[in-house]
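A quick write-up on the structure given underneath.
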Amino acid sequence: MAPTLRSYEPHDFAALHRLDQACFPEGISYSKTTLRYFLTLASADCVVAVEGTRVLGFVLSEENPPLAHIITLDIAEKRRRQGVGTALLQQLESNLAARGVRSVLLETATNNEAAVAFWQRRGYRIEATLKRYYLGRLDAYEMRKILPGIARKTGMQSGESI
Ligand SMILES: CC(C)(COP(=O)(O)OP(=O)(O)OC[C@H]1O[C@@H](n2cnc3c(N)ncnc32)[C@H](O)[C@@H]1OP(=O)(O)O)[C@@H](O)C(=O)NCCC(=O)NCCS
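For the sequence shown, my numbering begins at -1 and goes up steadily by one.
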């Protein structure tokens, strides 16, 4: 069965929280309270990749056009390097651009080589190093992408295949 992209639905919450716990070390992963806070922001967008009922990954952002901030991108370990992260990010960027976002920011740990390579491959550039950003000791890169201007459209259709 091919993975499908769709918008977050409240019944996804437990699976998203479990995945975030698996993707990041304690202290960097989000507590249930913090994850729920971000997911319920009026300015949040969350795209989920599913295969049947199984969540393979998700990307979560908040926006105040023309700016947006990626809060997290999490892919299940067994499904990495299969294009799921790229598909989620492309869908999110398309949603954001359709709402007038031009500039997307994120932070990622400088020692997260996979993530830094991923973001650079997707056109994100390092703007600054944020000293001791995580856990008071791990440095982070602040990275930014300027989205190409596109004609506005209504965003994603639910149930699109990757
Ligand atoms: C970083 C992450 C989101 C990438 O997701 P993914 O679905 O594996 O990424 P894709 O398959 O779409 O990869 C696209 C490109 O990114 C780069 N990339 C991805 N993972 C990489 C790795 N481990 N090492 C080097 N480059 C990598 C490659 O250029 C890759 O293209 P290729 O496979 O043709 O070489 C995933 O590894 C992950 O969830 N990590 C844990 C959580 C995390 O660190 N999130 C991001 C921080 S906010």
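No residue lacks a Cβ here, since even glycine has one placed at the ideal position from N, Cα and C.
Computed from a predicted model, the values in this text were never measured in an experiment.
Item                                                                                               : Value
Run of the beta strand (DSSP E) containing L94, from where it starts to where it stops             : No beta strand (DSSP E) contains L94, which is instead part of the alpha helix (DSSP H) from V82 to A96.
F116 CB to nearest heavy atom of ligand 1 below 7 Å                                                : yes
Candidates P64, R78, C44 and A42: closest to L54 by CA position                                    : R78
Residue from G81, L71 and A20 whose Cα sits closest to the Cα of A0                                : G81
Supposed close pair L90, S41 - CB separation, criterion 8 Å                                        : Not quite, the Cβ-Cβ distance comes to about 13 Å (not below 8 Å), so this is no contact.
F186 Cβ short of 7 Å to ligand 1 heavy atom set                                                    : Any property of residue 186 remains undetermined from this structure, which presents the chain solely from -1 to 160.
Residue burial classification, E61 (beta-carbon count within 10 angstroms, cutoff 16)              : buried
Neighbourhood of R120 by C-beta, 8 Å cutoff - its chain only, sequence neighbours within 5 removed : T84, L87 and K143
Three-state class that DSSP yields for Y131 in the structure shown                                 : strand
Own chain residues within Cβ distance below 6 Å of Y122, not counting five before or after         : M141 and K143
Any non-hydrogen atom of ligand 1 closer than 7 Å to T70 Cβ                                        : yes
Alpha helix (DSSP H) segment containing A66, residue limits                                        : Counting along the chain, A66 falls outside any alpha helix (DSSP H), though it belongs to the beta strand (DSSP E) covering L65 to I73.
Straight-line Cα distance separating L145 from G98                                                 : 10 Å
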